[in-house]
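In this note's numbering, the protein residues as written are 5 to 209. In this text, a Cβ means the ideal position worked out from N, Cα and C, and glycines have one as well. Since the model is a prediction, treat every value here as computed from it, not as a measurement. This report refers to the structure that appears directly beneath it.
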């Protein structure tokens, strides 16, 4: 037998209130009628309040959701269609950013960019999550740009300050690697030039 959908609560549903201790909200997913009922509990750390204390640190973005959990968010996003709520879209975008797949991360950035454009009240959050997404993709210039915009408004934001340090460290490491590679190329070119010069000198004698 097929999947029997369990309607997920909307953001206005009181059942979606965050747990007072964990800060997470839960979503009931889908259950198979021919097996033991399976309820996927997605701990939605995606329901972010407007306080900087509730922004995740970069390490949280490195912990991908299980495929089934991400699927719950995707199905809810698809179900709402053209009338998708900002919160549902934000939840799905954050789930995608947490993914270890670059294609998911890029799509998450796309959704966050749309939210930034269409929902001014969520721009502060979007700046941080866009910075996280670009950091994971290795787009350090973009990550720095978004993060610095947030720090201009909240210069004591601990999560943004931590991310700034991570970005700078990664840029420095890649810069050192680039210098090492360039130095190796220059040395190799010098050695080859020396051999060619000696070969030409011998022929002229």
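Distance CB(residue i)-CB(residue j) smaller than 9 Å
i, j, result
"residue 134", "residue 146", "yes"
"residue 60", "residue 103", "no"
"residue 122", "residue 90", "yes"
"residue 84", "residue 128", "no"
Spatial distance of residue i from residue j (CA atoms)
i, j, result
"residue 144", "residue 116", "17 Å"
"residue 178", "residue 172", "10 Å"
"residue 73", "residue 62", "20 Å"
"residue 161", "residue 131", "12 Å"
"residue 140", "residue 163", "15 Å"
"residue 75", "residue 96", "9 Å"
"residue 87", "residue 126", "17 Å"
"residue 124", "residue 174", "31 Å"
"residue 78", "residue 58", "23 Å"
"residue 107", "residue 156", "30 Å"
"residue 81", "residue 120", "17 Å"
"residue 66", "residue 118", "23 Å"
"residue 166", "residue 152", "12 Å"
"residue 149", "residue 92", "26 Å"
"residue 169", "residue 98", "22 Å"
"residue 137", "residue 176", "19 Å"
Coarse secondary structure for residue i, derived from DSSP in three states
i, result
"residue 73", "helix"
"residue 146", "helix"
"residue 59", "coil"
"residue 172", "helix"
"residue 166", "helix"
"residue 66", "coil"
"residue 122", "helix"
"residue 160", "coil"
"residue 88", "coil"
"residue 140", "helix"
"residue 19", "With a pLDDT of only 42 at residue 19, under 50, the local geometry of the prediction cannot be trusted, and the value read off the model is given with reservation. Residue state, collapsed to three classes: helix."
"residue 102", "helix"
Which listed residue (the options) has its alpha carbon closest to that of residue i
i, options, result
"residue 94", "114, 105, 107", "114"
"residue 70", "105, 89, 83", "105"
"residue 100", "91, 111, 92", "111"
"residue 142", "158, 82, 109", "109"
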